[in-house]
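Engineer:
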Amino acid sequence: MADPMRIRAQAAGSKINVRVLMSHEMESGQRKDVNGAPIPAWHIQEVSATHNGVEVLNAEWGPGVSKNPYLQFTVKNGKAGDKINVTWKDNKGESRTDEATVS
Amino acid sequence: MQTRREVLKRSGVVAALLLGAGLLPGAALAYQKNAFEAKSFEDAFKALGLPMPVESAEVMLTAPDIAENGAVVPMTMASSLSGVKKMLLLVEKNPSPLIAQFMVNAAVDIQYQTRAKMGESCDVYAVAVMADGKTFFARKEVKVTLGGCGG
Amino acid sequence: MKKITTTVICICALGGMVLPAMSQSEPADAALQNTLNASFRAEGQAGMDRLLQDDANRLCSQADASGKALSDEDAERIRQSSFKAIAWPTDGQFFGDYKLGEKLAQDGRGKTWSDKPGSENGGNCYNCHQISKTEIAYGTLGPSLYNYGKLRGISDVNSVTAKPIIDYTWGKLWNPRAYNACSSMPRFGHNSLLTQAQLKHLMSLLLDPQSPVNQ
Amino acid sequence: MSTAIFSRSAWLVVAMCGAGAVWAQKTASDSIAEYRAMLQDGNPADLFEAKGEDLWKQARGPKKVTLEQCDLGKGPGVVNGVWVELPRYFTDTQQVQDLESRLLTCMETLQGFDAPTIRNTPYGKGEQANITALATWVASQSKGMAFKLPQAHAEEKRLFELGRQLFYYRAGSHDFSCATCHGQDNKRIRLQDLPNLTTNAGAGLGFGAWPAYRVSNGQMWGMQLRLNDCYRQQRFPYAQFGAEAGIALSVFIGVTARGVETTAPSIRR
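Top line first, the protein sequences correspond to chains A, B, C and D.
Take the first sequence: its letter number 52 is residue 83 in my numbering, and every next letter is one higher.
Take the second sequence: its letter number 46 is residue 170 in my numbering, and every next letter is one higher.
Take the third sequence: its letter number 93 is residue 282 in my numbering, and every next letter is one higher.
Take the fourth sequence: its letter number 266 is residue 1029 in my numbering, and every next letter is one higher.
Structure representation (structure tokens):
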């Protein structure tokens, strides 16, 4: 199973700043192994986030996003104690969801 | 105080519950594989069914002038336009230029930061796709350099 | 001037005992050698022989560790023996292609245990030197080589006045210790890191008036 | 903390769109500094730190116990502040050990892992990857503390001197020593600044940064791998995990760094 994400969600005024680190290889599909055989692409392709259960973010990623991806976005209205959930799903069908409480 | 491990454990439970209930958001979206596999800037727009974008001061892109390493280049795209449907991030000379697309949601600022790989020095584009299909871009040149011993 | 005076005093004070003792090749401290042998293992093309020091490396390491400069005698001996061992181009031709020289200067590969054995080595030049103006990712461990030939007045590599500079540059690339006993620069020719053909490309990069280095 | 970072990025957006002329005068090093600043927020080392904490508290190994009784120098289970006092002499092993080799000792004695197998496991694989994650978490628990490696024991003193000799030892096909790159102030290799590890400030900067997340390859590196790769680039043979040379160099650099605050886990090129 994939390693957990690190989600930091912090209230700033009426907004919530969300910063997410995901543990993923993000293999581009462009590289070759030591024997010259191509290493197949393996990357997150869908990312979504909810704020207290309501979807606030939905994105599609290609293999061009860096390894161990970082994502930052700002929820317009929220407060400490709210819940932020982030989910990713990769091209092998593996997925991971983690939750953070807004501080 | 809650330890990190406890929080994580609980996240796992939450994930399982959501999965079980089929409530995971984004599941309905069909991943635009063709666009992400397109080999040129133009082909990416074709695959997305979008016109080539025009420059706009109301689309903003923050990226470093020089990236010490092309493996990780921080990029923030933003827009002050109203009626933006989604935001695209592209690195012109990458083998597949399209990096990411974010569906704009009224609950979130139109400002997304992520990090992209860059194979070589080139222009990076942030593109705002409007509800009416028009596209606007901001562009920035990023130089990719070699850092350490080079081995 | 000052340095020479000091050395003279040293020699007078210590008599003839210093010189013969220091010119002998003796192994570095045994404890240090034991640690090295126990701490490393051969891997890929990097065998345990890589840990051995020749006379020059041993004396320079000892000088570095003690914080005292090498004695003038040892320095002169290293310079002379290094100079004598320089192999000049077998065909008398010093130059190649500056474009290939630039490629070599960019290339930092070769000789590590992860490098493919038998593959061509790079020159590592940009790791330590500024060379062409367009490459901003250059190191500063060595002096800038931008305008190397131009600053030395080379407008024609076949001119008589260019000859001493050409010889010096070849010698420096072959074995920098011929001029600076404890130079930090690798001995590219002496240690067979680069071939004569490769050194000629670097010569062109540095000295050819058409090379981007001299623009 | 985060508020400041956010307002700074906002400012950057404004500055970059409106102030092209000023921008053109920036030097390459200014730009590199800006690039590094952009990466400070969101260091993926956090992922390894979290994993390390988890591993510490997990019952693992043939004996199915946690590492919570591991003595890293300040008594069983003490993690806070141990990193700034390592490497140090341990009476049970009668050896000077650094954080990573000491963690392996605990994995062997408490959890029943086979130490030689782990020692020979390539970096980043299997239990070696776990040692790196553990070291990342342990180091993070000393963040901001000043280095104060002990030098009371004769073995600690011997290793300091041995480390100094190794630091200046020129060999390999290219005649490099550690000092070739790390013996002078204000030098760089390509665009990478090289800390002068013979000075207090430089040693603190270099030694205090690891474990660090390597941007260039997306890997988390502990000091053992940092030194192993320095030696690889020096064209030396393979520096083995936990061997005396690496420990001695760590003692030499760590003692030189006395009083400087650790920033580990950090992010590096």
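Ideal Cβ placement from N, Cα and C applies to all residues, glycine included.
Does the Cβ-Cβ distance between residue 396 of chain C and residue 337 of chain C come in under 9 Å?
Structural biologist: yes
Engineer: Chain D beta carbons: is any one of them nearer than 9 Å to that of residue 259 of chain B?
Structural biologist: Judged by the 9 Å Cβ criterion, residue 259 of chain B is not in contact with chain D.
Engineer: When you compare the stretch 300-307 of chain C with the stretch 276-292 of chain C, are there three or more beta-carbon pairs, one atom per stretch, that lie closer than 8 Å?
Structural biologist: no
Engineer: Out of B/267, B/268, B/260, point me to the one whose CA is closest to residue 181 of chain B's CA.
Structural biologist: B/260
Engineer: At 4 residues or longer, what runs of the alpha helix (DSSP H) sit wholly inside the stretch 934-971 of chain D?
Structural biologist: 941-945, 963-970
Engineer: Could you give the first and the last residue of the continuous beta strand (DSSP E) run that contains residue 239 of chain B?
Structural biologist: 235-240
Engineer: Between residue 138 of chain B and chain D, is any beta-carbon pair separated by less than 9 Å?
Structural biologist: Low per-residue confidence applies at residue 138 of chain B: pLDDT is 48, beneath 50, and the placement is therefore not dependable enough to give any value.
Engineer: Classify residue 179 of chain B as helix, strand or coil using the three-state DSSP reduction.
Structural biologist: DSSP places residue 179 of chain B in the strand class (E or B) of the three-state scheme.
Engineer: Take residue 326 of chain C as the anchor and find which of D/791, D/995, D/1030, D/929 has the nearest alpha-carbon.
Structural biologist: D/791
Engineer: Identify the contact partners of residue 63 of chain A in chain B, using a Cβ-Cβ distance below 9 Å as the criterion.
Structural biologist: The contacting residues do not exist; residue 63 of chain A stays about 13 Å from chain B at best.
Engineer: Taking the continuous alpha helix (DSSP H) assigned at residue 268 of chain C, which residues delimit it?
Structural biologist: 261-273
Engineer: Counting only beta-carbon separations shorter than 9 Å, does residue 198 of chain B have a partner in chain D?
Structural biologist: yes
Engineer: Find the residues of chain D that neighbour residue 35 of chain A, judging by a C-beta separation of less than 9 Å, and give them in chain order.
Structural biologist: 810, 813, 814, 817
Engineer: If you count every other CB in all the chains shown that lies within 10 Å of the CB of residue 864 of chain D, and 16 or more means buried, which is it?
Structural biologist: buried
Engineer: Could you spell out the range, first to last residue, of the beta strand (DSSP E) harbouring residue 198 of chain B?
Structural biologist: 197-203
Engineer: For chain D, check one thing: does any of its Cβ atoms lie closer than 9 Å to the Cβ of residue 250 of chain C?
Structural biologist: yes
Engineer: Find the residues of chain A that neighbour residue 240 of chain B, judging by a C-beta separation of less than 8 Å, and give them in chain order.
Structural biologist: 95, 96, 97
Engineer: Check residue 371 of chain C in the structure and name its three-state DSSP category.
Structural biologist: coil
Engineer: The alpha helix (DSSP H) that contains residue 247 of chain C, what's its start and end?
Structural biologist: Its alpha helix (DSSP H) spans residues 244-255.
Engineer: Between the stretch 228-245 of chain B and the stretch 82-94 of chain A, can you find at least three pairs of beta-carbon atoms closer than 8 Å?
Structural biologist: yes
Engineer: Does the beta carbon of residue 1007 of chain D sit closer than 9 Å to a beta carbon anywhere in chain C?
Structural biologist: yes
Engineer: Since residue 807 of chain D and residue 99 of chain A are thought to touch, with beta carbons under 8 Å apart, how far apart are those beta carbons, to the nearest angstrom?
Structural biologist: The beta carbons of residue 807 of chain D and residue 99 of chain A sit about 4 Å from each other, so the pair counts as a contact at 8 Å.
Engineer: For residue 1017 of chain D, count neighbouring Cβ atoms within 10 angstroms of its own Cβ and tell me buried if that reaches 16, exposed if not.
Structural biologist: buried
Engineer: What are the residues in the stretch 223-256 of chain B lying within 7 Å of chain A by C-beta distance?
Structural biologist: Taking 7 Å as the Cβ-Cβ cut-off against chain A, the residues of the stretch 223-256 of chain B that qualify are 223, 224, 225, 226, 227, 229, 231, 232, 233, 235, 236, 237, 238, 239, 240, 241.
Engineer: Once DSSP output is grouped into helix, strand and coil, what is the label at residue 976 of chain D?
Structural biologist: strand
Engineer: For a contact defined as C-beta to C-beta under 8 Å, what are the partners of residue 253 of chain C on chain D?
Structural biologist: 931, 933, 940, 942, 946
Engineer: Suppose you measure from the CA of residue 156 of chain B to the CA of residue 75 of chain A; what does that come to, to the nearest Å?
Structural biologist: Cα-Cα distance, rounded: 13 Å.
Engineer: Who are the neighbours of residue 999 of chain D on chain C, taking C-beta pairs under 8 Å?
Structural biologist: Around residue 999 of chain D, the beta-carbon contacts reaching into chain C at under 8 Å are 229, 235, 239, 240.
Engineer: Please check if any C-beta of chain E sits within less than 9 Å of the C-beta of residue 798 of chain D.
Structural biologist: Included in the structure are the protein chains A, B, C and D, with no chain E among them.
Engineer: For chain A, find out if any of its Cβ atoms is closer than 9 Å to the Cβ of residue 885 of chain D; answer yes or no.
Structural biologist: no
Engineer: I'd like the span of the alpha helix (DSSP H) that includes residue 932 of chain D, first residue to last.
Structural biologist: Segment: none, residue 932 of chain D is in no alpha helix (DSSP H) and carries neither H nor E.
Engineer: Look at the alpha carbon of residue 346 of chain C and the alpha carbon of residue 390 of chain C, and state the distance between them as a whole number of angstroms.
Structural biologist: 14 Å
Engineer: Can you have a look at residue 400 of chain C and say buried or exposed, based on whether 16 or more other CB atoms are within 10 angstroms of its CB?
Structural biologist: buried
Engineer: Helix, strand or coil: how does DSSP classify residue 126 of chain A here?
Structural biologist: Three-state DSSP puts residue 126 of chain A in a strand.
Engineer: Pick from D/974, D/928, D/887: whose alpha carbon is nearest that of residue 218 of chain C?
Structural biologist: Considering only alpha carbons, the answer is D/928.
Engineer: Residue 875 of chain D: buried (16+ other C-beta within 10 angstroms of its C-beta) or exposed?
Structural biologist: exposed
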